[in-house]
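These protein sequence lines map, in sequence, to chains H and B. When the count follows our numbering, it moves up by one through the first sequence with no breaks and lands on 145 for the last residue. When the count follows our numbering, it moves up by one through the second sequence with no breaks and lands on 230 for the last residue. Cβ atoms here follow ideal geometry from the backbone N, Cα and C, with glycine treated the same way. Below you'll find the structure, written out as structure tokens, and then a few comments.
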Amino acid sequence: MKVAVQREDFDLGAEVRAISRSDKVGAVASFVGLVRDVRMTLEHYPGMTEREIRKIVDEAAKRWQVMDCTVIHRYGDLQPNDQIVLVAVASAHRGDAFAACEFIMDYLKTRAPFWKKEHRAGGATWVESRAADDEAAERWKQGER
Amino acid sequence: MKVKLLFFAALREQLGRPAEELELPANVNTVTALRDHLRARGGAWANVFAPNRPVRAAVNQDMVQPEARIKAGDEVAFFPPVTGG
């Protein structure tokens, strides 16, 4: 299980290959989040960020068969279309890989201590948290899936 | 007792500092009591820690509820609701 919080970009293909080496792996689900529309700066809480992401990955591994997993989240200055976040999960079957990948992403959005500041023509503003993100994380608790 | 405070994102900017070491009175031993203690500084502190502001807290890098206890040597962080991903 790899968790990285870094300024540098990442290579989706290389990360997927790295968790696909076992001949027991039958499915890899991956998600890449991109910067939409505007330039932004991402701040995080060094130390806590990695801990929170590890907790989320551990929780996913309790619920589904997770043979390997990589989470990379970038911070610092990012441009429109830059990659921000990668979640990739390897499992024997696609059901576990899809579910664990979506679960990790939903929880990451509400638990990992990152903050986005958008730079628009009118000035820089901190992004407000979205109720829709809380709801996306909440539905995993209610057993709706 | 002495604690280390950390502030992130909009809170860090509004308070004009990323961190500080603070000696607390013995009765300031929960996150809520610490919020009240900081709000009493007035100015930007009163705004940031106003009761209706959605401020989150972590003690020793674990997200906590307002009633969480604080002890000497703890690292207490205050920040807005997170917006990563």
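Supposed contact pair residue j and residue i - C-beta distance, whole angstroms, cut 8 Å
{"i": "residue 19(H)", "j": "residue 69(H)", "result": "7 Å"}
{"i": "residue 87(H)", "j": "residue 105(H)", "result": "5 Å"}
{"i": "residue 176(B)", "j": "residue 211(B)", "result": "5 Å"}
{"i": "residue 52(H)", "j": "residue 139(H)", "result": "So it is not a contact: roughly 20 Å between Cβ atoms."}
{"i": "residue 179(B)", "j": "residue 215(B)", "result": "6 Å"}
{"i": "residue 227(B)", "j": "residue 129(H)", "result": "7 Å"}
Other residues of its chain near residue i: CB distance less than 6 Å, five sequence neighbours each side excluded
{"i": "residue 99(H)", "result": "64"}
{"i": "residue 2(H)", "result": "70"}
{"i": "residue 151(B)", "result": "164, 222"}
{"i": "residue 189(B)", "result": "159, 160"}
{"i": "residue 213(B)", "result": "176, 204"}
{"i": "residue 142(H)", "result": "none"}
{"i": "residue 75(H)", "result": "42, 44"}
{"i": "residue 94(H)", "result": "27"}
{"i": "residue 73(H)", "result": "5, 85"}
Sequence-distant residues of the same chain with beta carbon closer than 8 Å to residue i, five excluded per side
{"i": "residue 39(H)", "result": "77, 78, 79, 80, 118, 119"}
{"i": "residue 217(B)", "result": "146, 147, 148"}
Proximity of residue i and residue j at Cβ, strictly below 8 Å
{"i": "residue 109(H)", "j": "residue 137(H)", "result": "yes"}
{"i": "residue 230(B)", "j": "residue 5(H)", "result": "no"}
{"i": "residue 89(H)", "j": "residue 29(H)", "result": "yes"}
{"i": "residue 224(B)", "j": "residue 198(B)", "result": "no"}
{"i": "residue 184(B)", "j": "residue 171(B)", "result": "no"}
{"i": "residue 34(H)", "j": "residue 83(H)", "result": "yes"}
{"i": "residue 97(H)", "j": "residue 27(H)", "result": "yes"}
{"i": "residue 32(H)", "j": "residue 12(H)", "result": "yes"}
{"i": "residue 156(B)", "j": "residue 193(B)", "result": "yes"}
Same chain, Cβ closer than 7 Å to residue i, five either side skipped, listed in chain order
{"i": "residue 45(H)", "result": "113"}
{"i": "residue 205(B)", "result": "219, 220"}
{"i": "residue 57(H)", "result": "1, 3, 69, 71, 104"}
{"i": "residue 107(H)", "result": "56, 137"}
{"i": "residue 153(B)", "result": "222, 224"}
{"i": "residue 37(H)", "result": "80"}
One or two residues paired with residue i in a DSSP bridge
{"i": "residue 69(H)", "result": "89(H)"}
{"i": "residue 100(H)", "result": "BP columns for residue 100(H) are empty, so no partner."}
{"i": "residue 30(H)", "result": "88(H)"}
{"i": "residue 123(H)", "result": "120(H)"}
{"i": "residue 220(B)", "result": "149(B)"}
{"i": "residue 12(H)", "result": "The partner list for residue 12(H) (beta bridge, DSSP) is empty, contrary to what the question assumes."}
{"i": "residue 2(H)", "result": "70(H)"}
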